[in-house]
Structure formats: C-alpha cells, structure tokens
Amino acid sequence: MRHILEELAKRRARARAGGGPKRIAAQHAKGTLTARERLDVLLDEDSFEEFDMFVEHRSHDFGMEKQRVPGDGVVTGWGAINGRPVYVFSKDFTVFGGSLSKAHAEKIVKVQEMAMRNGAPIIGLFDAGGARIQEGVDSLAGYADIFLRNVLSSGVIPQISVIMGPCAGGDVYSPAMTDFIFMVKDTAYMYVTGPDVVKTVINEDVSHEDLGGYRVHALKSGVADGAFENDLEALTQVRRLIDFLPLSNRVAPPAWESLDEPGRDDPSLDTLVPAHPNTPYDMKELITKVVDEADFFEISTEWAKNIITGFGRLGGETIGLVANQPQVLAGVLDIDASRKAARFVRFCDAFGIPIVTFVDVPGFMPGTKQEQGGLIKHGAKLLFAFAEATVPKVTVITRKAYGGAFDVMSSKNIRGDVNYAWPTAEIAVMGPRQAVEIIFRGDIGDAEKLAVREAEYRAHFANPFVAASRGYIDDVIMPRETRRRLVRALGSLKGKELKNPWKKHDNIPL
Ligand code: HXC
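Those letters in the sequence shown? Residues 124 to 633, by the numbering used here.
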C-alpha cells in the first residue's frame with residue numbers, strides 16, 4: 124500500500140518540477156515567477172485545487188514521444204480570491220515554452236467550461252509561445268476550441284488575462300477575446316509572431332520591446348488594459364480587481380462593508396472647476412473624492428488618457444466610472460477614447476454594474492487624422508454602448524458638455540436615469556467662441572462686437588439652466604454634495620427594469 128501512496132507523491136513531484144531546475148532557474152533569472160509560484164500569489168492560501176496534473180501530450184512527431192512532462196506546460200484548476208471562487212490556468216514557459224498541444228488545450232477548455240457552468244471568473248496567466256509547432260494542426264484545433272469558449276463565455280463570466288512573459292500566436296489571440304488584459308513591464312511581450320519570425324518573413328529587425336512590449340500595448344495600441352512593475356504587483360492588482368466584479372452575469376456585483384459615510388459632503392469640490400473655462404483640472408480628484416475610501420481601480424490608465432474608466436464603490440457597491448479628463452487634450456472624444464470607454468461601458472452593462480459618468484467634454488476631436496482613422500464609426504461605438512446599456516446610469520456634468528459629445532456621454536435622451544449638472548456646467552452645441560464665429564460670421568473682423576456676442580452667448584447657453592428648464596437635466600446640484608446625491612440616485616434605481624427589444628444580437632459599429 125505504502126509504495127502506491129509513494130508513487131502518487133513521486134508523480135506529483137515530477138509534475139511540479141515542470142521543465143526542470145535549469146529552466147526554472149532561467150525563469151527566475153529573468154526576474155519572473157514560475158507558473159505555480161504565480162498561482163500561489165494570485166490565490167488565497169491553500170485554496171488551489173489542481174486538475175489534470177498528470178495529463179501528457181500524445182504527439183509522436185519530431186521525437187516528441189521521448190519528451191513528455193506531466194501537466195504538459197499548463198497548470199489548471201480553481202481557487203479563491205478573498206473567499207470567492209475563480210478558475211485559473213497558468214502557462215508554464217519551462218515546458219516547451221508554454222506552447223499549446225491538443226492535450227494542453229483540453230486542460231484549458233475543461234476549466235473554461237467549468238467556470239462558465241459554475242458561474243465564476245476565469246483568469247489566465249500567459250507566458251507562452253503559441254501553437255506547439257511539433258503538433259501542427261492538432262494544436263491549431265486546440266486553440267480554436269479555446270477561442271470558441273472565450274467567445275461563448277463573453278458576457279457570462281469575467282475573463283481576465285495577465286501577460287507575464289513573451290506571448291505569441293494563440294497566446295495573444297485568446298487574451299484578445301477576454302475582458303481585461305494586463306501586462307508585466309519589461310518581461311511581458313505580446314505579438315502575433317516573435318522577432319525571429321518577423322525577421323524571416325519581412326526581413327525587419329525589431330526588439331521584443333518594440334514589437335510587443337507594454338509601451339506598445341498599454342500606451343499606444345490599447346490592446347492591454349494596464350501594465351504593472353512585476354509579477355507580484357500584477358497578481359495582487361488582479362486580486363483587487365476581482366473584488367469589484369460579480370462572479371457571473373447571473374449574480375449581482377459584490378457588496379463590501381464600507382466605513383465611508385454615504386452622506387459625506389466634500390466642500391473642496393465646490394472649487395474644483397477653475398474660474399476660466401479653458402483651465403484644466405484633474406477629474407481623478409473628483410472620482411477619488413466621491414467613491415468609498417478613495418478606492419478606484421483604473422482600467423487603461425496610460426492609454427487614451429483623455430477619458431478615464433475604472434471601478435469604484437458607492438455605499439459598498441461596485442460602480443463603473445466613465446469620465447472625461449480635462450487635463451489631457453481638454454477631455455476631447457477621439458478615436459481611442461471612444462473605443463476605450465465603449466468597451467468599458469459594455470463590460471459594465473453585461474455584468475449588471477451601474478455606470479456613473481462625469482462629463483467635461485468640448486466635443487469630438489476635429490481634423491483629418493481623426494476623420495481618416497474613422498472617428499465617425501469609433502465615436503459611434505461609445506454612443507451605441509451608452510444607449511443600449513440597461514444598467515442604472517447616473518450622469519453628472521461638471522463643466523463642458525458640447526455638441527454630439529453631450530448626447531454621447533450618457534445623456535437623458537439615451538436613457539440616462541438620473542442626470543445632474545453642477546452650477547459650473549455649460550451645455551450647448553459648441554463653445555461660445557466657435558459658436559459666435561459661425562452665427563455672426565460678418566462680425567469676425569470686429570473684435571469688440573465679437574466679444575459682446577460671445578458674452579451674450581455665454582450668458583445664455585454657458586450654464587446648466589436652459590437644459591434644466593427643458594428637463595434634460597434633473598437637477599443642478601452643489602459639487603460638494605455629489606457623493607450623497609449619487610448614492611441616493613443609485614439607491615433609487617435598485618429596482619430598475621428595462622429591456623431592449625428582442626433581437627438575436629445588435630450590430631454595434633465595430
Ligand atoms: C514549440 C516552442 C514554441 C512553440 C517556444 N518553444 N515556442 N516549442 N512550439 N511555439 C520552445 C523553444 O524551442 C525553447 O525550447 C523554449 O520554448 C524557449 O523558447 P526560446 O525561443 O528559447 O525563448 P525566447 O527567446 O524567450 O523566445 C520566446 C518566443 C519564441 C518569442 C515565444 O520562442 C518564439 O518566437 N516562438 C515561436 C512563436 C510563434 O510564432 N508561435 C506560433 C504562433 S501561431 P528549449 O528546449 O530550447 O528550452 C499560433 C496559432 C494560433 O499560435 C492561432 C492564432 C489565431
């Protein structure tokens with residue numbers, strides 16, 4: 124009997140050893156953790172239940188039958204984050220570079236299906252070179268199986284990907300279909316194919332960093348939703364994010380006890396908006412002064428910084444925040460800002476997370492670059508996303524709400540439930556200067572006359588009261604009381620019932 128038990132222990136030790144001490148040392152030398160060490164950080168202590176640690180690949184090509192490692196390059200199972208269940212898979216770069224065989228794919232599909240069936244998020248930790256070249260089409264089929272589950276899970280359970288090493292092929296396409304992608308700075312890369320293949324195919328010399336480092340994806344392309352200094356920070360931040368999210372679309376977002384008084388006023392907000400309409404201010408100050416305990420988890424901190432997206436809590440309950448940032452490009456809506464916020468709004472709506480929108484927007488970004496890049500279609504994404512969302516939506520206009528951007532930013536007429544404005548709000552088709560230069564074109568040479576016209580226009584439109592007199596704004600509120608009014612508004616929307624007309628699915632302008 125004893126030797127049978129010992130055999131199990133031996134087999135487990137063999138699986139836990141992954142690609143062996145040399146490759147593990149190489150992993151540590153890069154400053155990264157191994158697949159198993161990462162799960163230790165991500166999950167609550169002793170909560171990990173592993174599946175399929177004895178699975179091996181079934182390939183006989185290229186001498187692969189002589190190289191079998193139990194577990195086959197991915198560690199899968201489930202565990203808990205602050206007591207709530209999550210399914211996980213963690214790619215082991217020490218085994219065939221984490222590349223994907225059919226057996227490896229079957230392990231991932233198993234946890235994907237369990238996560239979907241049992242209603243819990245799935246978190247993938249990626250450090251892998253894509254399809255296992257020796258397995259050919261079997262590997263491609265394995266990826267297609269995973270991609271399909273990514274798609275079917277979308278909007279059912281939160282899916283989070285953390286890119287923790289060099290990742291190529293299917294190991295970037297599967298993350299691309301999940302809700303959030305985070306990277307580790309300087310050790311994680313994402314590309315369809317790595318620098319060697321790039322050199323062979325198009326004879327271009329490029330570094331890992333320039334092809335797919337965090338500066339490419341978290342700052343420029345927007346493929347990644349954030350980047351962290353190292354493995355430890357990335358994993359602890361994912362734990363923090365999970366605390367904001369519901370387990371699935373079948374249950375409400377979690378509520379955590381808050382010691383922050385819901386009726387707390389903040390007098391400093393009365394002077395947040397500067398006297399001059401073109402002076403910038405930091406919208407993040409409003410967010411952190413309003414949400415519980417100033418706890419804000421920002422999504423896409425470094426990309427499209429003219430709009431802010433992220434999660435906070437009011438009265439202990441999760442909210443999604445979307446806010447123009449006057450500090451960057453005056454908070455204008457451009458292609459990237461529209462894409463970033465649209466995707467965030469759709470995530471919130473899919474998972475029943477109420478949306479709070481803070482508005483200070485001078486309009487859509489004009490110019491050839493934006494038009495040639497398709498601003499019309501990309502801007503429409505955000506309009507579409509806000510309009511179709513049926514979750515509670517509360518909007519506060521702090522300063523500018525000009526033109527189409529007023530409509531887009533969760534306005535009353537696209538089913539904003541409660542729409543407030545601060546007394547500093549300016550709601551109009553465009554800013555005073557541009558407006559008078561169009562409607563009084565004949566006065567353009569006459570600076571004095573133009574100034575008078577501008578003052579008239581400002582007095583008439585650069586305030587919230589015209590909109591409030593028409594009912595487009597439900598109330599003009601004191602900035603200091605924003606938190607209290609938001610908590611009360613969201614409380615009043617708890618029983619909201621709203622359904623869109625039946626359809627197979629909509630056709631958002633992709
Ligand atoms: C089999 C692989 C592998 C792969 C890496 N390895 N990628 N084995 N299949 N795809 C192995 C290497 O042979 C090596 O084994 C070990 O993993 C570490 O790899 P290195 O190249 O030494 O590491 P590094 O220099 O850090 O480079 C990592 C890398 C590079 C950038 C990921 O290995 C690479 O470019 N791999 C190929 C990427 C790729 O093009 N994959 C196919 C994508 S197509 P030893 O024994 O020496 O330790 C795809 C289709 C999916 O995925 C469909 C998408 C829509």
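Every residue gets a Cβ at the ideal spot worked out from N, C-alpha and C, and that includes glycine.
Under the criterion of beta carbons closer than 8 Å, R436 and V414 qualify as touching, at roughly 6 Å. For the ligand HXC, no non-hydrogen atom lies closer than 7 Å to the CB of S330. In the three-state DSSP reduction, V396 falls in the coil class, being neither helix nor strand. With a cutoff of 8 Å on beta-carbon distance, A460 and I430 are scored as near each other.
Between F305 and the set N623, E179, G554 and E352, the nearest pair of CA atoms involves E352. A straight-line Cα-Cα distance of about 38 Å links P281 and A551. Remark: the shortest separation between the CB of G293 and any heavy atom of the ligand HXC falls under 7 Å. Secondary structure of E416 (DSSP, three-state): helix. The beta-carbon distance between A251 and C290, rounded to whole angstroms, is 6 Å. This is short enough to meet the 8 Å contact definition. When distances are taken from the beta-carbon of G252 to the heavy atoms of the ligand HXC, the shortest one is below 7 Å.
The C-beta distance from L165 to V211 rounds to 7 Å, short enough to fall under 8 Å. In the assembly as shown, G220 is a buried residue. Its beta-carbon has 16 or more other beta-carbons within 10 Å.
The alpha-carbon of P477 is positioned some 13 Å away from that of L621. In the three-state DSSP reduction, Y595 falls in the coil class, being neither helix nor strand. Non-local C-beta neighbours of D405 in its own chain, meaning closer than 6 Å and more than five positions away in sequence, comprise Q450, ordered along the chain. DSSP places R240 within a helical segment (H, G or I) once states are collapsed to three. For N447, DSSP records a beta bridge to I430. Between the ligand HXC and the CB of Y337, the shortest heavy atom gap is not smaller than 7 Å.
By the criterion of a C-beta distance shorter than 8 Å, D393 is surrounded in its chain by M601, P602 and R603, once the five residues flanking it on both sides are discounted.
Taking 8 Å as the cut-off, the Cβ atoms of E511 and G439 do not count as close.
Taking C-beta separations shorter than 8 Å and ignoring five residues to either side along the sequence, the partners of G202 in its chain run L162, L165, L166, D167, S170, F171, E172, P208, V209 and V211, following chain order. If you look at Q360, you'll find it in the alpha helix (DSSP H) that goes D354 to F367. Each residue's CA atom was taken as its position, placing M287 and H399 some 45 Å apart.
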